[in-house]
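Participant:
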Amino acid sequence: MNIFQVIPLNHYIFLSALLFCIGVTGVLFRRNAIIIFMSIELMLNAVNLMLAAFSTYLADGAGQVFVFFIMVVAAAEVAVGLAILMMIYRNTNSTDINVLNKLKW
Amino acid sequence: MSRLIFLIPLLPLIGAIINGFWGKKLSKGLSGLIGCLAVGLSFGLAVYAFFHLKTHPEIETISYVYFDWIKAGKFSAPFSLLLDPLSSLFLLIITGVGFLIHIYSTGYMHDDEGFHKFFAYLNLFVFFMLLLVLGSNYLIMFVGWEGVGLCSYLLIGYWFKNIDYSSAAKKAFVMNRIGDLGFLLGVFLIYITFGSVSYGVVFEQAKSFTSDEGVITCIALLLFVGAVGKSAQLPLYTWLPDAMAGPTPVSALIHAATMVTAGIYMVARSNIIYTLSPTALSVVAVIGIATALFAAIIGLAQNDIKKVLAYSTVSQLGYMFLALGVGAYTSAVFHVATHAFFKALLFLAAGSVIHAMSGEQDIRKMGGLKKALPVTFWVFVIGTVAIAGIPPFAGFFSKDEILAHAFASNKIYWLFALIGSLITAFYMFRLLFLTFYGKFRGTHEQEHHLHESPKSMTIPLIVLAILSTIGGFMGLPEILGGSHALKQFLEPVFANSELNMLPHHISHSTEYILIGLTLLCLAVVIWVAYNQYVRKKDVPPADALIVSPVHKVVYNKFFIDELYANVITKPLNWLSEKTDKYFENGFIDGIVNFTGRSVVGGSRLMRLAQQGNVGFYVFAMVIGIILIFFFTSL
Amino acid sequence: MLTYAFYFLAFLAIFSGLMVILSKNPVFSVLYLIMTFFCIAGHYILLNAQFLAAVHVIVYAGAIMVLFLYVIMMMNLNKETEPHKNNYLRFAAVISGGLLLLTLLASLKGAVTPLEQQPYNADIGLIGNLGQTLFKEFLVPFEVSSILFLTAMVGAVMLAKRDKKEA
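Residue numbers (our numbering), protein chains in the order written: chain A, -18 to 86; chain B, 6 to 639; chain C, -4 to 162.
1) Look up lysine 348 (chain B) in the DSSP assignment and give the residues it is bridged to.
2) Taking only beta-carbon positions, decide if serine 102 (chain C) is within less than 7 Å of chain B.
3) Name the chain A residues whose beta carbon is nearer than 8 Å to that of phenylalanine 32 (chain C)?
4) Using the three-state DSSP reduction, which class does asparagine 505 (chain B) fall into: helix, strand or coil?
5) How many angstroms separate the CA atom of alanine 250 (chain B) from the CA atom of phenylalanine 402 (chain B)?
6) Should proline 17 (chain B) go down as buried or exposed, given a rule of 16 or more other Cβ atoms within 10 Å for buried?
7) In whole angstroms, what separates the C-alpha of isoleucine 161 (chain B) from that of isoleucine 221 (chain B)?
8) Identify the contact partners of isoleucine 627 (chain B) in chain C, using a Cβ-Cβ distance below 7 Å as the criterion.
9) What span of residues does the beta strand (DSSP E) with lysine 175 (chain B) cover, start to end?
10) Give a yes or no on whether the minimum CB-CB distance between leucine 99 (chain C) and chain B is below 7 Å.
11) Are glycine 7 (chain A) and serine -3 (chain A) touching if we call contact CB-CB under 7 Å?
12) Could you have a look at leucine 86 (chain B) and say whether DSSP puts it in helix, strand or coil?
13) Once the 5 residues before and after aspartate 169 (chain B) are set aside, which same chain residues still bring their CB inside 8 Å of it?
14) Quickly, what does DSSP pair asparagine 13 (chain A) with across the bridge? List them, please.
15) Going along the stretch 600 to 631 of chain B in order, which residues come within less than 7 Å of chain A, judged by CB to CB distance?
16) Would you list the residues sitting across from glycine 140 (chain B) in a DSSP beta bridge?
17) Can you tell which of B:Pro497, B:Leu50, B:Asn571 has its C-alpha closest to the C-alpha of arginine 274 (chain B)?
18) How long is the line joining the alpha carbons of leucine 577 (chain B) and glycine 323 (chain B), rounded to whole angstroms?
19) By the criterion of Cβ-Cβ separation under 8 Å, what are the contact partners of asparagine 13 (chain A) in chain B?
20) Whole-angstrom Cβ separation of phenylalanine -5 (chain A) and valine 28 (chain A), contact assumed at under 8 Å?
21) What's the C-alpha gap between alanine 337 (chain B) and leucine 137 (chain B)?
22) If you count every other CB in all the chains shown that lies within 10 Å of the CB of asparagine 24 (chain B), and 16 or more means buried, which is it?
23) So glycine 684 (chain B) and leucine 227 (chain B) are supposed to be a Cβ contact under 8 Å. How far apart are they, rounded?
24) Tell me which residues share the same chain as isoleucine 259 (chain B) and place their Cβ nearer than 6 Å to its Cβ, disregarding the 5 neighbours each side in the sequence.
25) Just to make sure I have the definition right: I need the residues of chain A whose C-beta is within less than 7 Å of the C-beta of histidine 116 (chain C). Which are they?
26) If you follow the beta strand (DSSP E) that phenylalanine 72 (chain B) is part of, which residue opens it and which one closes it?
27) Just how far apart, CA to CA, sit alanine 430 (chain B) and serine 92 (chain B)?
28) Quick check: valine 656 (chain B) and leucine 105 (chain B), are their CB atoms within less than 7 Å of each other?
29) Going by CA-CA distance only, name the one from B:Ser213, B:Thr198, B:Ala257, B:Ala315 that's closest to alanine 237 (chain B).
30) Go ahead and pull the three-state DSSP assignment for serine 473 (chain B).
31) Let me confirm a value: tryptophan 27 (chain B) is counted as buried when at least 16 other C-beta atoms fall within 10 Å, else exposed. Which label applies?
32) When the distance is taken between beta carbons, is glycine 234 (chain B) closer than 7 Å to leucine 286 (chain B)?
33) One question on the structure: do isoleucine 310 (chain B) and alanine 211 (chain B) come within less than 7 Å of each other, judged by their Cβ atoms?
34) Can you list the residues of chain B that leucine 84 (chain A) reaches, using a CB-CB cut of under 7 Å?
35) Identify every residue that forms a DSSP beta bridge with phenylalanine 80 (chain B).
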């Protein structure tokens, strides 16, 4: 018995789309930069899950390799992003994104 | 051998590139040497090609396709060169006379600071001219055609610091553009009609057309408009006399021997098309004879040594077109050749005179130069005699042939042509007598300065004088015991045209009478000129003293320049000014300014949306993504 | 059995994902996120991508989330410090999130049907096969990603370093 026989691919698509949208809602919902960051991680993982599901259902290893690449990008992004957050916190003593409103006319 | 024809035009191009890019670093001697060598080698190759064709009569044409030049859809124009008797003859004239003029220029331009530039332009001109005659389709001919126009512009305006000279260059350029438009339209029509622009294909297909079909006449007339511009015929001739602003070797090379004969070459090359259209041919003949007469009359009253020669060039070109118009293509080409010799000779001799007179060009201030410039004098005499048409000099044979063909075709043409040639003889001898006979009329300083030109200038003069003397024997007519070698040589090119064009041959006795009559009239005219200018020592009056209204009109060239200025240039300028004021400033600028202002205003409004709140940006982005998905999944 | 496992894991993942964005204390968010990641790792195992599951746990739960936690503790954000957005904005956020889900599903709906079901291959997720694909087909991206890592490392150090003048 394997996963194909009991769970159709559509279910995975629903699941990952739902997780992705939770991530998006999180970004819109919160003002704390760190939570927003975590929401972005959640979105990336939703995509990873989708890729892995397609990889398995289509019997193609390339999808899983892509997941590795996304992990690479995510790790690099977290490293740089958190460093930026640290700098912001050091300068403004806050992680509220509404403080960052200098970029305007 | 056949693929090496490209070397003939390539060598001058290399010379032009060397002199154009590195000329400043070269010494004058080296620069001149490169210029002369490029054309000289090219001349050697042209001679070789000529004898190759001559000794192998079975090879009618040599053509070689080098590469695909333009290819778009059904249209294709390969870059290929064509060597046949016609083009090889023109090659000889261009490179041969061009070579002599290059040598002459090393002496004439010796003190000019732009020496290398001059040679670069001359070489470039020779390149384009060779391309024009060697191309095997109308498109390559057009490239050469425009190229020589450009070089002509550069060389007329060579002394561009003089405003008059540079506006003369502009005039030549604009006048030529008018003609070029006609040529270009003609080429388009050729492509539409025949589906190709290659000579071979076009002429082969043209044979299937019947005589005087509308399309063929249109093509012939449009091409002829181009020829009118380039070869300075009525009504577009006014640029040529003004083109004398360039240095004298330029006038000799471009405005006498080579470029202005491009129109003749083009018509002769398209002889099959023209033969099919008697209407177009009669237009050619009428314009030719009208120009010949008109320019000759203007030439009577000019006092500038180069202007006289310029009008005589226009007039002689008219004769060539007359010959083409009556279907005597060989005679036209023959006259091109002899005219190249004696007109180049006359111009160069005039240059020698101007050189000796330290730049003075007015014949009223010359006179008595015979002793000071013996070589120049003698070659000038030979040139004058040749252009006047006195046997056995070159001009006699070619001009007589044209007169005979004109007589056979239409007596009126013949009559006007005869009158024109008599006028030519008169003003040429007037020029000769006023310049070299009598007493010196210039300033004391100039008299002191008089000197014969250096060897580099006299040797080309002598060579050209010899050519002007014997050049006519290449077309010695049958009635004088010759076999017309030129006609036999050109036979393959005109084979399909001349036979059905000239059914009416005139008998030998008529021809003798015609020659005799012409010579008699000539003798009278020369005697009159001698009487007036040598015996009576008559000198043309100063500008202000011209009283006779006829003289005034002729002296002012029939006020054609003023007519063009008032009828065409001024209304156009007025129109441009008005449209600039009302249409351009009011309407077009209004649209442009409105666009600019509305963008500025819109941006000012939109800027308010950019308030720096990151949350808002993210919101906007997500809504955008939603919309994109929404529209893609519809 | 597999069906139950799938639904259980899916429910847990969604629940903990929601809790990430709903919980007020950032530390709780981090913990819920880690739970989500474990659920996703469980899904990977269900999908026969065992190696991927292992890497996922190591990289995300092990490295990235520890980094998050570390930063939160450094900033001392464990308290309820965040001023909330007003209710209209929250409402709009939820609505747009839902709309996005709808449109996303609508556009993905057509994506699956044309795909052909491949015969089941249990070896896809094995480390050997993945290695073959990674080092044969994707060698250049692999090398490029190492450069990316190096750049990110240098960048992070540069950013986090205190300015000497400031200090």
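All C-beta atoms in this analysis are idealised placements derived from N, C-alpha and C, irrespective of residue type, glycine included.
Computed from a prediction, not measured in an experiment: that's the story for all the values here.
Facilitator: Result, derived from the coordinates:
1) DSSP output for lysine 348 (chain B) lists no bridge partner at all.
2) yes
3) Asn26
4) Note on asparagine 505 (chain B): pLDDT 49, under 50, position unreliable in the model; the coordinate value appears next. Note: asparagine 505 (chain B) maps to helix in three-state DSSP.
5) 32 Å
6) buried
7) 35 Å
8) Going by the sequence as given, residue 627 (chain B) is valine instead of isoleucine. Near valine 627 (chain B) (Cβ distances below 7 Å), the residues of chain C are Ser91, Leu95.
9) Unbroken run through lysine 175 (chain B) is the alpha helix (DSSP H), 168 to 199; no beta strand (DSSP E).
10) yes
11) no
12) strand
13) Ala250
14) A:Asp77
15) Arg612, Gln615, Gln616, Gly617, Asn618, Val619, Gly620, Val623, Phe624, Val627
16) B:Leu86
17) B:Pro497
18) 30 Å
19) Simply none; closest approach about 11 Å.
20) With a Cβ gap of about 14 Å, phenylalanine -5 (chain A) and valine 28 (chain A) do not count as contacting.
21) 18 Å
22) buried
23) The question about residue 684 (chain B) has no answer, for chain B in this structure spans 6 to 639.
24) Ser157
25) First, the amino acid is wrong: residue 116 (chain C) is asparagine here, not histidine. What asparagine 116 (chain C) touches in chain A: Ala40.
26) 67 to 77
27) 31 Å
28) Because residue 656 (chain B) is not part of the residues shown, which for chain B are 6 to 639, the question remains open.
29) B:Ala315
30) helix
31) exposed
32) no
33) no
34) Gly617
35) B:Ala77
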